Each structure stands twice: as structure tokens, then as C-alpha cells.
Amino acid sequence: MARCCLGEGSVAYLPVEQLLARQSKRLQALFRHAWRHVPYYRDWMAAAGAEPGDLRCAADLRRLPLIDKLALTVEPERFAADGYERRDGLTLLSSGTSGRRRSFRYDAPALFEALSAGRRQRLALRHFVGREAGYREAVFNREGSVGQQLRRFWEDRMITPRRIDLVRRPFSASARFEDLLAGVNEFHPQVVRGYGTHLGAFFRWVWETGQRIDTPRAITYGADAMPKADRQIIERELGIPVLSSYQAVEALRIGFQCEARSGFHISVDQVAVRVIDPEGRDVAPGQRGELVITNLTNYAMPVIHYRLGDLVTLGTGPCPCGRTFPLISDIDGRLDDLIARPGGTWIHALAVLAGLQAVPGVRQVQVIQEDLEDFRLRVVWARASGQDPVRLRSCMAAVLGDSAHVRVEPVEVLEQEPSGKVKTVICKVRQP
Ligand SMILES: [Zn+2]
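1675 is the number that our numbering gives the last residue of the sequence shown; the numbers go up by one with no jumps.
Right, here's the structure in full:
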């Protein structure tokens, strides 16, 4: 473990040919594994007339059909490798972007690889924090988040020596901003980590209301996006650098920002990517397209040539930091709204969505905030019987309080945005 973590410092600077050779080797091994052990890929390759030997490198992927999110959501068991449910690993439960709760299986080696790859961003953070370990990190999170499930898995199985660990303190993303501020000022974190939208709203509130804050040395987020205007306030007005990482439940480490913050370095040893147009053709660097990923690390539920659903732009040149990992210069999408609360504060959408999506019989759910205390839930139920709107209302009340008025509307489907995504939270309340 320690040895594999130490290599993390240099891998991002390896010559490109070495990186691609490493990627190709892993891709071939994953493909052989999927062909032998995963029902979906066996049929998929047979239908495409492909054999494991046909795939030598990432460029060969374009000869294969694309897999979309729906296939994985509808039939997750067909993506599970034979026998892997009995091996050590973790089934991650994720809420959010598609409006439905999903489960995704990882094997233990992939989870530990994700843990050690976290050091890639820590080395970039060191630039601002002054050291790589031992600092205080405030985590704005919610109970049951993917990040928390991962941390529990790691902590149950290993002891991290104090000299290479952090001092972490969790804060609830559904807490009032006043309480979060008091917690930060009491804990004095060097780094604050959380959701992009939520951290953006919190630090904007700090700045707009002229609160005194014990300024962290850096802010970092993954998962959803931070609005550009919020990022500017944090970096220019508050003087705090913001670094983000790019991850998904299907690939835990796609990319990370370095100290230059000119884009996201893609961890090409762990994930192979393509960026395509609507017809499935590669688009040139500098042009926006849809990201297609192959996760090279996880054998329990392989994801090969998979449309992640995000729109991204590949960078056109090298990064001034000297890392050879290629860059994604821009990521579009993943802008879920926050939920407005009295007193001008906001909470993260997942604080309510996670509970709603876990109610039995709920296939998909969308939260529409019409006014401060007026909510509409649009719900796609799995069956006509067994619908439980009372339980949905009590989930809302548990986070928002009894003053929130909630209407539940059963619907056949949730409307999609022009991008094809379903927006799970729509907030019509604007800041005063
Ligand atoms: Zn860089």
C-alpha cells in the first residue's frame, strides 16, 4: 500500500509513450476479463463480432458499440463479473444526477487504487497548504454519501499512520450557513472540501454578508460543479484557491486539477477516455463533446466504452505544471440547484434527494421549489400500488422542517433538459 502510494508522485510526469503503454496493457487485461466473466460484454462482443485480441489500445475502442447509462441502470446484474460478489469489495449507493438511486459494485483492489490515487491531488494541494499530511480538513458532506461510504471501507481495513493522514472533521451539508461558519472558525481548517454548488453558495454568502471567516488555504470539491461566478468570488475576493477533482460513481478518479488550475489532468493509467460528437465520431481538442470512459481499475463491474453523459472539452496544449497527463479544459453540466432556506442560506440538493430516492417504490424523483416553503415532488413510481406520499413528505420535513409545504405529483416520466439530463432539483427562489 505504502509503496503504491509513493509511486503516485511521479506517475503524472511519466513520458507519454510510457503512460500509453501502461494504459494499453491494462485495457487488454480488462477486456479479456470482461469477455470471460461478464455476461453483458460476452454478448456485446459476440454481437459486434469482436474478440479480446482485437483490442490492443484505446484507439481500438472506437470500433466497438457505445454503452449508455440506461443499460447499466436497467440491468446492473448483467455488468457484474462472475464470482465477484463473494470477494471483498463494496457496493456503492449513489443518489442524484439521474433522479434515481443506483448501486455500483467495486472490488477491493480498485478501491485501494482510488485511495492511493487521491495523493495525486494532494500533491497539487501541497502547493497551497505547504504540506501533504497532518493538516486539518473540514468536509461538508451528508450522511451516506459516496465519499463517506468509501472512507468507511478504507478505515475498516487499514490503519493510516498519523504522519501521512489528515485531521478530518465532517460538517453536515444540510446545516445552516451560520452553523457551518461557526464550525469552520472553531476548527481552523487549512482545507475545506465539499460539493461545488454548496461550497460556492456558502462562500458567496460569507462574502456578501461580510462575515468573519478563518480563511482556509484551499477549497476543494468533486462531484457537482461550482458556478463560475462563485469561484471568482472565492478566488478573487476572498483570495482562496479552488481545486476540483473529476469523478463519477462509475470511475472514482477520472481527473484532478493541479496547482496551475488550467483544467483537469486525466489519470490515463486508470481511465481511458474519448470525446465524441452526437454521431459518435471523435472531436478535436478544443471542441466540446460527450465524454466516453473505460474504467481500467475495477473488475467487479467493468465499465467499457461508456457514455458518462458529461459534456467536456479536451485541452489543446501541455500544462505549465509539467505533468504529462492530458487535460480536460472544461466540464459542462452537473449543475444541480441548491434548495433555498429562510435567512438567505442554502442546502445541497442531495441532503433531501438521498432520503427521497431511498423510499420504497420510488423509481425517480424531482424536487421543484416554487417558493421558500412551497415544494412540488414529481415522482415516477415503480408500481401503481404501494405508493407512499406520506413517507416522502416526512423525508422532506426531516431536512426542511414542518413549515415546508409539500405536494406529491405522480408522473409517468421526468422531463429532460435539452442536454438529455434530468434536472433533479429545480429551485425557483432567487436570492434577494
Ligand atoms: Zn497541470
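Where a beta carbon is used, it is the ideal one built from N, C-alpha and C, also for glycine. For clarity, every value in this text was computed on a predicted model and none was experimentally measured.
> How close, in whole Å, do the beta carbons of VAL1511 and ARG1436 come, if the pair is a contact with beta carbons under 8 Å?
Replying inline: Not quite, the Cβ-Cβ distance comes to about 25 Å (not below 8 Å), so this is no contact.
> Whose C-beta lies closer than 7 Å to the C-beta of LEU1657 among residues of the same chain, with five residues either side of it excluded?
Replying inline: GLY1342, GLN1607, GLN1609, ARG1621, VAL1623 and VAL1665
> Are the CB atoms of PHE1507 and ILE1497 nearer to each other than 9 Å?
Replying inline: yes
> When a residue counts only if its C-beta is closer than 6 Å to some heavy atom of ligand 1, which residues count, in chain order?
Replying inline: CYS1501, ALA1503, HIS1508, CYS1562, CYS1564 and ARG1566
> Would PRO1521 pass as a contact of GLU1533 if the rule is Cβ separation under 9 Å?
Replying inline: yes
> How big is the Cα-Cα spacing for ILE1582 and SER1415?
Replying inline: 14 Å
> What residue range is occupied by the uninterrupted alpha helix (DSSP H) comprising LEU1615?
Replying inline: No alpha helix (DSSP H) holds LEU1615; DSSP gives it neither H nor E.
> Of all the options GLU1493, VAL1514 and PRO1563, which has the alpha carbon lying nearest to the alpha carbon of LEU1262?
Replying inline: VAL1514
>> Tell me whether the region 1445-1460 and the region 1557-1574 touch, counting them as touching only if at least three CB pairs, one residue from each stretch, are closer than 8 Å.
In response: no
>> According to DSSP, is HIS1508 part of a helix, a strand, or is it coil?
In response: strand
> Enumerated in chain order, which unbroken segments of the beta strand (DSSP E) with a length of 3 residues or greater are wholly contained in the region 1468-1536?
Replying inline: 1485-1491, 1494-1499, 1507-1509 and 1514-1519
> If LEU1551 sits next to ILE1536, beta carbons under 8 Å apart, how far is it from one beta carbon to the other, in whole angstroms?
Replying inline: 5 Å
> Excluding the five sequence neighbours on either side, which residues of its own chain have a C-beta within less than 8 Å of the C-beta of ARG1419, listed in chain order?
Replying inline: ARG1584, GLY1586 and THR1588
>> Judging by CA-CA distance, which residue of HIS1548, VAL1281 and HIS1280 is the nearest neighbour of ARG1305?
In response: HIS1548
> What does a CB cutoff of less than 7 Å around ASN1428 pick up in its chain, not counting 5 residues either side in sequence?
Replying inline: ILE1456 and ASP1457
>> Suppose only complete runs of 3+ residues qualify. What are the beta strand (DSSP E) ranges in the region 1292-1332, listed by chain order?
In response: none
>> Looking at the strands, I want to know which residues DSSP matches up with GLY1243.
In response: Residue 1243 cannot be examined here, being either before or after the span of the chain that is shown, 1244 to 1675.
> Can you tell me the Cα-Cα spacing of PHE1274 and ASP1303, whole angstroms?
Replying inline: 12 Å
>> Suppose you measure from the CA of VAL1668 to the CA of ASP1297; what does that come to, to the nearest Å?
In response: 43 Å
> Which ranges does the alpha helix (DSSP H) cover as unbroken runs of at least 4 residues, wholly within the region 1389-1435, from first to last along the chain?
Replying inline: 1389-1400 and 1420-1430
> With contact counted as at least three CB pairs below 8 Å, one residue from each stretch, are the region 1353-1369 and the region 1392-1404 in contact?
Replying inline: yes
> For TYR1349, which of GLY1361, ASP1331, SER1338 and GLN1364 has the nearest alpha-carbon?
Replying inline: ASP1331
> What beta strand (DSSP E) runs, 3 residues minimum, are completely inside the region 1574-1603?
Replying inline: 1582-1584 and 1588-1590
>> Cutting at 7 Å between CB atoms, please list the residues of its own chain near ARG1246, excluding the five before and the five after it.
In response: Any answer about ARG1246 is weak, because its pLDDT of 44 lies below 50 and its placement is not dependable; what the coordinates show is given next. If we look at ARG1246 and ignore the five residues flanking it on each side, it has no Cβ neighbours.
> So VAL1654 packs on LEU1635, CB below 8 Å; how close in whole Å?
Replying inline: No, VAL1654 and LEU1635 are not in contact; Cβ-Cβ is about 13 Å, not under 8 Å.
> Among residues of its own chain, excluding the 5 on either side of ARG1460, which ones have a beta-carbon nearer than 6 Å to its beta-carbon?
Replying inline: PHE1371, VAL1372 and GLN1433
> Looking only at C-alpha atoms, which of GLY1377, GLY1529 and TYR1438 sits nearest to PRO1404?
Replying inline: GLY1377
> Between the C-alpha atoms of LEU1570 and GLU1318, what's the straight-line distance to the nearest angstrom?
Replying inline: 33 Å
> Are the CB atoms of LEU1270 and LEU1335 nearer to each other than 9 Å?
Replying inline: no
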